[in-house]
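Here my numbering is used: position 14 in the sequence shown is 1060, and no number is missing along the way.
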Amino acid sequence: ANPGNPTGTYVSVSEIRRLQAGLPKHVVLVLDAGFIIVAAHIFGIGGIEVVSSNANVVMTRTFSKAYGLEALRVGWMYAPAEI
Ligand SMILES: *Cc1c(COP(=O)(O)O)cnc(C)c1O
């Protein structure tokens, strides 16, 4: 989870790239950006370019926070088309 909720931790894009580079190609790295809405103005959408440039990285988002749809449990995922 990046940013971590409720810890408030944040992993930099370079650290995400290092993690991805160390994974076997058959392992999918899921970047949970559900809480990014509170930090996007500071960090941007950190890691989205790692999704774009790798076949085994996805990013999940949620409509729960900023859109007040937590009761619906609706989200979306940015991922390579194959996934
Ligand atoms: C709120 C939150 C979620 C939950 O998303 P839902 O769509 O409500 O299930 C997931 N990950 C993080 C980091 C969150 O802050």
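C-beta: ideal position from N, C-alpha, C; glycine also. Source: prediction; values computed, not measured.
Option in the options with minimal Cα separation from residue i
{"i": "L1115", "options": "G1080, T1053, N1051 and L1075", "result": "G1080"}
{"i": "Q1066", "options": "M1123, V1096 and P1126", "result": "V1096"}
{"i": "G1068", "options": "N1102, M1123 and F1109", "result": "N1102"}
{"i": "V1120", "options": "A1112, A1127 and P1126", "result": "A1112"}
{"i": "S1060", "options": "G1092, R1107, A1125 and F1109", "result": "G1092"}
{"i": "D1078", "options": "K1071, P1070, H1072 and I1062", "result": "I1062"}
{"i": "V1076", "options": "R1107, A1117 and E1128", "result": "R1107"}
{"i": "P1070", "options": "N1100, A1125 and P1126", "result": "N1100"}
{"i": "S1098", "options": "A1047, Y1056 and A1127", "result": "A1127"}
Distance between beta carbons of residue j and residue i, contact taken as under 8 Å
{"i": "I1094", "j": "M1105", "result": "6 Å"}
{"i": "P1052", "j": "V1084", "result": "The pair is not a contact, with the Cβ atoms about 11 Å apart (cut-off 8 Å)."}
{"i": "V1073", "j": "I1129", "result": "Rounded, the Cβ-Cβ distance is 12 Å, inconsistent with contact."}
Three-state secondary structure (DSSP) of residue i
{"i": "V1059", "result": "helix"}
For this session: Note down, one range per segment and in chain order, each alpha helix (DSSP H) of at least 4 residues found wholly within the stretch 1060 to 1120.
Result: 1086 to 1089 and 1094 to 1098
Exercise. Can you pull every residue whose C-beta falls closer than 6 Å to some heavy atom of ligand 1, listed in chain order?
Worked result: A1047, N1051, D1078, G1080, F1081, T1108, S1110, K1111, E1116, R1119 and G1121
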